[in-house]
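Per this note's numbering, the very first residue in the sequence shown carries number 30; after that it's consecutive.
Where a beta carbon is used, it is the ideal one built from N, C-alpha and C, also for glycine.
Scroll down for the structure; my scribbles are underneath it.
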Amino acid sequence: MKQSASTKSTILVAAQVYDQHCSGMAALKLHHEDLGGSGVPLVILHGLFGSSRNWFSVGRELQKSAHVYALDLRNHGESPHGETHTREDLRGDLKLWFSDHLAEEKPVLLGHSMGGMAAMDFAVSYPDLLRALIVVDIAPRRYPPQHDSEFAALSVDPAGYSSRSEIDQAMAKHVADRSVRQFLQTNLVHKEGGGYEWRINLAALKKAAGQGGLEEPTAHGHFSGPVLVISGSESDYVTADDHAAFRNRFPAVEFREISGAGHWLHHTHQEQFLEHLRSFLKDSAGI
């Protein structure tokens, strides 16, 4: 039975109040980019150190299939900063955004890496609020610390340099891969009055990483709707050993792997990535 807008809104508000009571932290109002399109909403969540801007190209390619929204998660992009960055925080922020912007129609939720973990957690916590789920190169398990070099590069103080090239040279001492540095530098913004600063909340993210909070296992629960997991053959974020954990939470899950792709498959293999998305949205999600 289709829920009325008022019923769905009541569920969202009640869930929001419950989570705020449990966590003791108020949800943050997330910034989003409306990339246009029509029909069923498709909500995109970026990964660690990313932002909605990383998904503009993919999002605009999907306008014919859905109404696309790309969000900035807390402590990233143009969204507010918070002192903490936990699974509960991300879940609460998402529910508030859903309540404010998606009162009537269930969306498809897509998340990459950290955003994928948040999307899985949201799906099993509130399965009645989603139409379908797309998880990009992340699994519902705990990952060992693996971002030390990126955090070190982002610890370079931009205020001490006069140009982006000088900042890049300083970051290269910690991250040799130029493409990774370029990705991290999407967080570098001009300060009023001159100079540069980081727009991400590095302190909160480092604290969360130290507590194991950036990539926690998904909360217990199930989502029985359509689920697509897309991974790269050259990435170790999703392996065959993870399939059972997915099926325990998502009984209707489909697995698709892009040959030769790594963790950033939506950039390096965009055409293949889009082909998988379009076929899933049409054949499984029904849009």
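Find the nearest neighbour of residue i within the set the options, judged by alpha-carbon distance.
{"i": "residue 297", "options": "55, 78, 86 and 60", "result": "86"}
{"i": "residue 295", "options": "97, 140 and 94", "result": "140"}
{"i": "residue 289", "options": "211, 260 and 316", "result": "260"}
{"i": "residue 82", "options": "237, 215, 228 and 302", "result": "215"}
{"i": "residue 178", "options": "209, 228, 299 and 62", "result": "209"}
{"i": "residue 227", "options": "204, 236, 184 and 211", "result": "184"}
{"i": "residue 126", "options": "142, 103 and 112", "result": "103"}
According to DSSP, is residue i part of a helix, a strand, or is it coil?
{"i": "residue 126", "result": "helix"}
{"i": "residue 265", "result": "coil"}
{"i": "residue 188", "result": "helix"}
{"i": "residue 51", "result": "Residue placement at residue 51 cannot be trusted, given a pLDDT of 44 that sits under 50; what the coordinates show is reported in the next sentence. Three-state DSSP puts residue 51 in a helix."}
{"i": "residue 144", "result": "helix"}
{"i": "residue 177", "result": "helix"}
{"i": "residue 196", "result": "helix"}
{"i": "residue 164", "result": "strand"}
{"i": "residue 153", "result": "helix"}
{"i": "residue 81", "result": "helix"}
{"i": "residue 206", "result": "coil"}
{"i": "residue 222", "result": "coil"}
{"i": "residue 182", "result": "helix"}
{"i": "residue 58", "result": "coil"}
{"i": "residue 88", "result": "helix"}
{"i": "residue 159", "result": "coil"}
{"i": "residue 234", "result": "helix"}
Could you check the C-alpha separation between residue i and residue j for me, to the nearest Å?
{"i": "residue 230", "j": "residue 60", "result": "15 Å"}
{"i": "residue 167", "j": "residue 188", "result": "34 Å"}
{"i": "residue 274", "j": "residue 252", "result": "13 Å"}
{"i": "residue 66", "j": "residue 89", "result": "8 Å"}
{"i": "residue 161", "j": "residue 145", "result": "13 Å"}
{"i": "residue 51", "j": "residue 174", "result": "For residue 51, the predicted model reports a pLDDT of 44, less than 50, meaning its position is unreliable and no value from the coordinates is stated."}
{"i": "residue 156", "j": "residue 195", "result": "48 Å"}
{"i": "residue 225", "j": "residue 218", "result": "6 Å"}
{"i": "residue 69", "j": "residue 95", "result": "5 Å"}
{"i": "residue 136", "j": "residue 192", "result": "42 Å"}
{"i": "residue 78", "j": "residue 101", "result": "10 Å"}
Going by DSSP, what residues sit across from residue i in a beta bridge?
{"i": "residue 227", "result": "217"}
{"i": "residue 65", "result": "97"}
{"i": "residue 73", "result": "99 and 139"}
Checklist entry - Which parts of the region 238-311 are runs of the alpha helix (DSSP H), unbroken and 4 residues or longer, counting only runs that do not cross its ends? => result If we require 4 residues or more, the alpha helix (DSSP H) runs fully inside the region 238-311 come out as 272-278 and 294-297.
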